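A short worksheet on the structure shown next.
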Amino acid sequence: MFSSRSDGVAPDVSFILPVYNKAAALPYFFASLLAQQGQFSGEVIFIDDASTDLSRSVLDGFAAKHDFVRVIANDTNAGPAIRLNQGAAQAQGKYLALFDCDELLAPDAVTVMLDLARDHDADMVHGKGRKTDVPIEQARAGMIGSNIDVKTFDDVLGRILGRGMVRMTWLVERILFEQAGGCDPDVFIQDESLPLRLSLRARRVIDADMVVTAIPDAGNHLSANKMQQHHDRFLTYANFLRAHPEIAPDKRRKIFGKCISAARKAKRYGAPFDTLDLDLRYLAHKIGLGRNDPADLSRFAFVFQNLSGIRRSAKP
1 MFSSRSDGVA PDVSFILPVY NKAAALPYFF ASLLAQQGQF SGEVIFIDDA STDLSRSVLD
61 GFAAKHDFVR VIANDTNAGP AIRLNQGAAQ AQGKYLALFD CDELLAPDAV TVMLDLARDH
121 DADMVHGKGR KTDVPIEQAR AGMIGSNIDV KTFDDVLGRI LGRGMVRMTW LVERILFEQA
181 GGCDPDVFIQ DESLPLRLSL RARRVIDADM VVTAIPDAGN HLSANKMQQH HDRFLTYANF
241 LRAHPEIAPD KRRKIFGKCI SAARKAKRYG APFDTLDLDL RYLAHKIGLG RNDPADLSRF
301 AFVFQNLSGI RRSAKP
């Protein structure tokens, strides 16, 4: 297992772990964290997002037994993006390890990710998760080992605008997180806003074909709400497009297209968009017409902002 620091020196890794109603899964996740192999120092920061189950009690039990565990308690539910930022603001480690607390870590997950970051001079390392039908109490995450297909990208924004880097299986430099401002606080779920915002400041991202976590069916997955996904995806890219007019035209076009795609998918799930307007905007984008101006997304934003059944961030 990793060690804690008692000499006043900052740890190598800070685990930043938002929690909302995950009491049943937490003991298994924490056991996989304690079983991490390798020589690195660490601290563990759990941020309870006003859970209504026994999560807070479980977390307090961890902190009572381990001096490297801290629990940040909150009285209001604000969402994982805000809570991730809250935890990162108190972190001391050189790297932040960002995982979901209802998954199980591979025994060598953090060691392998640290080695990749150092060997390739990368400030972002991303792995994969693998779903399993086995109950969490029986599930296991296998060793990663050394036979890994590793791809590095210096055009980090270009890679993030591709596919398949939205799982919370990240190791990132804390200074990068701070420079990027962390997750978008206006978006409830952080999965897409975090890597997107980090990408503008990052020097290199590693996309490694390695299974970092096993994903049992532990329930309570925000990502199971498809309308929530499309709402948050639209808001993530629309906010980013508006905040960064300096982005190159080819990337602006791709970001604008992701907004239109999110709206079209939300339409299939019942979002009340004007079909003709949406289809015309989609076709215009496909053939290269239009300004890719965030102002042109305002009518779609209005529909998303008025959808019912959507969880929205609550800024402190």
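If you count the sequence shown from 1, position 224 lands on 224 in full-length UniProt numbering, and the numbers rise without skipping.
Just so you know, even glycine gets a beta-carbon here, dropped at the ideal spot from N, CA and C.
Please read all numbers here as calculations on a predicted model, not as lab measurements.
Nonlocal neighbours in the same chain, by C-beta distance under 7 Å from Leu-196, ignoring five residues either side: Once the five neighbours on either side are set aside, the close Cβ partners of Leu-196 are Ile-160, Thr-236, Phe-240.
Identity of the residue in Asp-108, Met-210, Leu-280, Gln-179 nearest Arg-203 by Cα: Per the Cα distances, Gln-179.
Alpha helix (DSSP H) segment containing Ser-51, residue limits: No alpha helix (DSSP H) contains Ser-51, which DSSP labels as neither H nor E.
4-residue-minimum alpha helix (DSSP H) runs that sit fully inside the UniProt domain "Glycosyltransferase 2-like" (14-135), ordered along the chain: For the alpha helix (DSSP H) assignment, the uninterrupted runs of no fewer than 4 residues enclosed by the UniProt domain "Glycosyltransferase 2-like" (14-135) are, from N- to C-terminal side, 26-34, 55-65, 80-88, 109-119.
Backbone CA spacing between Asp-121 and Val-156 [nearest angstrom]: Looking at the two C-alpha atoms, the distance is approximately 13 Å.
Length of the line joining the Cα atoms of Gln-37 and Thr-111: Rounded to the nearest whole angstrom, the CA to CA distance from Gln-37 to Thr-111 is 7 Å.
Leu-200 in three-state terms, based on DSSP: Secondary structure of Leu-200 (DSSP, three-state): coil.
Cβ pair count under 8 Å reaching 3, the region 10-22 against the region 66-84: Contact annotation: the region 10-22 touches the region 66-84, with at least three C-beta pairs closer than 8 Å.
Selection from Ala-208, Leu-307, Gly-162 that minimises the alpha carbon distance to Lys-251: Looking at the Cα atoms, Gly-162 is the closest of the given residues.
Beta-carbon proximity check, Ile-148 vs Met-227, cutoff 8 Å: In this structure, Met-227 does not lie closer than 8 Å to Ile-148 by Cβ.
Nearest candidate by alpha-carbon position, reference Arg-233, set Lys-286, Ala-106, Ile-260: When only C-alpha atoms are compared, the closest one is Ile-260.
CB of Ala-314 within 8 Å of CB of Asn-77, strictly: Yes, they are a contact pair.
Residues bridged to Ile-189 (per DSSP): None, per the DSSP bridge assignment.
Sequence-distant residues of the same chain with beta carbon closer than 7 Å to Arg-242, five excluded per side: So the list reads Pro-294, once near-sequence residues are dropped.
Under 8 Å between C-beta atoms of residue 318 and Ala-263: The structure shown has nothing for residue 318, since the chain only spans 1 to 316.
Burial state of Ala-106 (16 or more Cβ within 10 Å): The residue is buried, with at least 16 neighbouring Cβ atoms inside 10 Å.
CA-to-CA distance, Ala-24 to Arg-70, given in whole angstroms: If you take the alpha carbons of Arg-70 and Ala-24, they lie about 19 Å apart.
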